[in-house]
Structure formats: C-alpha cells, structure tokens
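**Q** Numbering (the working numbering), first residue to last: 14 to 206.
1. Evaluate the contact criterion for the segment 19-27 versus the segment 38-46: three or more CB pairs, one atom per stretch, below 8 angstroms.
2. Please classify residue 38 as buried or exposed, where buried requires at least 16 other C-beta atoms within 10 Å of its C-beta.
3. Near residue 154, which residues of its chain fall below 6 angstroms by C-beta distance, leaving aside the five closest residues on each side in sequence?
4. Taking the beta carbon of residue 163 as the centre, do at least 16 other beta carbons fall within 10 Å, making it buried, or is it exposed?
5. Can you tell me the Cβ-Cβ gap for residue 65 and residue 126, rounded? I've got them flagged as a contact below 8 angstroms.
6. With a CB to CB cut of under 8 angstroms and the five nearest residues on each side skipped, what residues in its chain are close to residue 181?
7. Measure how close the beta-carbons of residue 93 and residue 168 come, nearest whole angstrom, since I'm counting them as under 8 angstroms.
8. Considering only the alpha carbon of each residue, which of 41, 174 and 87 lies closest to residue 131?
9. Identify whether residue 46 lies in helix, strand or coil by the three-state DSSP scheme.
10. Per the DSSP calculation, residue 136 is bridged to which residue(s)?
11. Assuming residue 166 and residue 102 are in contact, meaning their beta carbons sit under 8 angstroms apart, how far apart are those beta carbons, in whole angstroms?
12. Pull the bridge partners of residue 84 from the DSSP assignment, please.
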C-alpha cells in the first residue's frame, strides 16, 4: 500500500508480539532486530516525554554498520501514567497486583513514543490515550496476574486480554496505542516519510 517504503529494509526493533501484529496489520513488511537498551532516563525530563525519549534512545542504539542498506528502523516505548507517576513493567507478581490496584476504578494515560529512523532523517512522536477502569476486586486482579502474567506490559495489563474485556469501561483516543503502537498516526507518518 505504501509504495514510498519499497526502497527501505524495514526493521521493527521490538520483541513485543503486539507491536509485530499491529505493524503487520497496517500492511508493513518488516524484519525484527532487537537490542538490549538501558531504559533509564533523567528525572529532569517531564513524565510526558519519557516514552518518546526512550523510543529515540532505542533507535539510536543501532550503529549504521549493524543495519541493512537502505534501512528504516521503527522503535516504540509505552508508559502508563497515573497522577503524574509512571507505571512501567512490573518487577514481579506483587508489583503487578499493586499497579492494578492503583489503576482500579481510575482513569489513566497511556503514552507511546515512536521513532522512525533512516540514514537521512529521524522522526519521533508520541500519542496519548486515556483509559478508564472499573473497580477491580482482589479476586479479579489475582486471576489476571496468575493466568496472564503481564510482566512484559507497562502498567501490568494488556487491554486486548481478559482484564480489558471485563475491566476497561472506556478509551479516549487510540485503542491500538494502548496495545503498544499508535497505528493510525504511524501510518500517516510513514505515508509522508
């Protein structure tokens, strides 16, 4: 569909099966190439800038010599934000339960930062969606953590999983952004790249 991308060897630098599914869903052919990146950031940057900062950091982690000719690298990072506090990926079961208790009955923001990098240019952007959760009881939280193991997800949940079906009562903004990749915005960026 996007003929302007035919000249690129597109690399999705993400282990996330959700991001892979979403990029395929908008018709982009790509290969996966990942690199471990230190996801620390300065406490001096705004919590709203963390996701785009980390996506850019991930994109810059690749040396030109590691990348195929005519490369285009796409990276992303998602954070969950409630009361100006970032909820990252949980460290363990207890951490996941604590995060879900904080989200229960509340509205929070999901911010995904995305970077598209070629040899000639780099474009970083972010998209914010607001998510409202019903009150979750302890049994529901325990069931979700025990059965779905949300340790690879910011905020300890996947909206496309059981907890999203029973607990999310509203999304203001991009649903796919909450899954980990703002497909509508990314498509427009790639279309005009």
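Glycine included, every Cβ here is placed at the ideal spot set by N, Cα and C.
**A** Answer, in terms of the structure:
1. Result yes; three or more Cβ-Cβ pairs closer than 8 angstroms.
2. exposed
3. 110 and 113
4. buried
5. 3 angstroms
6. The answer, listed in chain order, is 144, 145, 146, 147 and 172.
7. Contact between residue 93 and residue 168 holds, since their C-beta atoms are separated by about 3 angstroms, short of 8 angstroms.
8. 87
9. Coil, per DSSP.
10. According to DSSP, which records beta bridges pairwise, residue 136 is partnered with 129.
11. 6 angstroms
12. 22
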